[in-house]
Amino acid sequence: MIGLLILAEKNLGAGLIAAAVHTLGAQPPQLLAMDLDYQATPERIGNLLGEGIKKLDQGDGVLIMADVYGATHTNVACHQLVRGRIELITGINLPMLLRVLNYRHLKMDDLIDKALSGGSGGIICAANPSKLKETR
1 MIGLLILAEK NLGAGLIAAA VHTLGAQPPQ LLAMDLDYQA TPERIGNLLG EGIKKLDQGD
61 GVLIMADVYG ATHTNVACHQ LVRGRIELIT GINLPMLLRV LNYRHLKMDD LIDKALSGGS
121 GGIICAANPS KLKETR
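What follows is the structure, encoded as structure tokens:
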């Protein structure tokens with residue numbers, strides 16, 4: 001099973017996990033929130049990230065899901081990536097997390113596709129529901 005690491009500022013990751021646990025009824029295994037302080041140094045972030053990856057990787061790799069691309073923590077995460085093994089996607093939201101939790105048996109590239117479609121599919125203009133697209 002692919003490990004999942006949520007990399008975000010302050011309490012965003014913990015909040016997303018709490019919402020997922022509420023929805024699913026149980027704490028999913030190999031899921032960790034790394035909620036960072038705005039003042040964390042790149043070195044500190046890198047160390048914490050390395051520890052989190054080691055904790056989560058049980059042989060199938062780790063998917064890092066972050067809040068914002070280009071922020072210090074995602075820039076640091078980019079230095080830890082190993083194609084097909086340690087991957088990073090950004091723009092995490094609850095629909096993305098729930099989709100990933102339901103498809104963790106897939107290979108990394110397929111899981112990333114599910115994550116991206118789940119994330120974008122969860123963004124809806126409620127005033128115009130006719131623009132809804134099937135994202136499965």
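In the working numbering, the protein residues as written are 1 to 136. Idealized CB from N, CA, C, for every residue including glycine.
Backbone CA spacing between residue i and residue j [nearest angstrom]
{"i": "Gln58", "j": "Ala127", "result": "44 Å"}
{"i": "Gly52", "j": "Met34", "result": "8 Å"}
{"i": "Lys54", "j": "Asp113", "result": "24 Å"}
Residue i (DSSP reduced to helix, strand or coil)
{"i": "Ile53", "result": "helix"}
{"i": "Gly122", "result": "coil"}
{"i": "Val76", "result": "helix"}
{"i": "Thr23", "result": "helix"}
{"i": "Leu106", "result": "coil"}
{"i": "Leu36", "result": "strand"}
{"i": "Leu31", "result": "strand"}
{"i": "Asn47", "result": "helix"}
CA nearest to the CA of residue i, picked from the options
{"i": "Gln80", "options": "Gly119, Val62, Leu97", "result": "Val62"}
{"i": "Asp37", "options": "Gly122, Asn11, Leu56, Gly15", "result": "Asn11"}
{"i": "Arg85", "options": "His105, Asp60, Arg99, His73", "result": "Asp60"}
{"i": "Pro28", "options": "Met1, Ser117, Gly70, Val82", "result": "Met1"}
{"i": "Leu94", "options": "Pro42, Val76, Gly121", "result": "Gly121"}
{"i": "Leu16", "options": "His105, Leu97, Arg104", "result": "Leu97"}
{"i": "Leu101", "options": "Ala19, Asn47, Cys78", "result": "Ala19"}
{"i": "Gln39", "options": "Gly25, Thr72, Ile112, Val68", "result": "Thr72"}
Paired residues, beta bridge with residue i - DSSP
{"i": "Gly3", "result": "Val62"}
{"i": "Thr90", "result": "Ala66"}
{"i": "Glu9", "result": "Leu36"}
{"i": "Val82", "result": "Ile86"}
Spatial neighbours of residue i in its chain, beta-carbon cut-off 6 Å, leaving aside the 5 residues before and after
{"i": "Met65", "result": "Ile6, Ile89, Ile92"}
{"i": "Gly13", "result": "Ile6, Ala33, Asp35"}
Contacting residues, own chain, Cβ-Cβ under 8 Å from residue i (five flanking each side not counted)
{"i": "Leu116", "result": "Ile89, Met96"}
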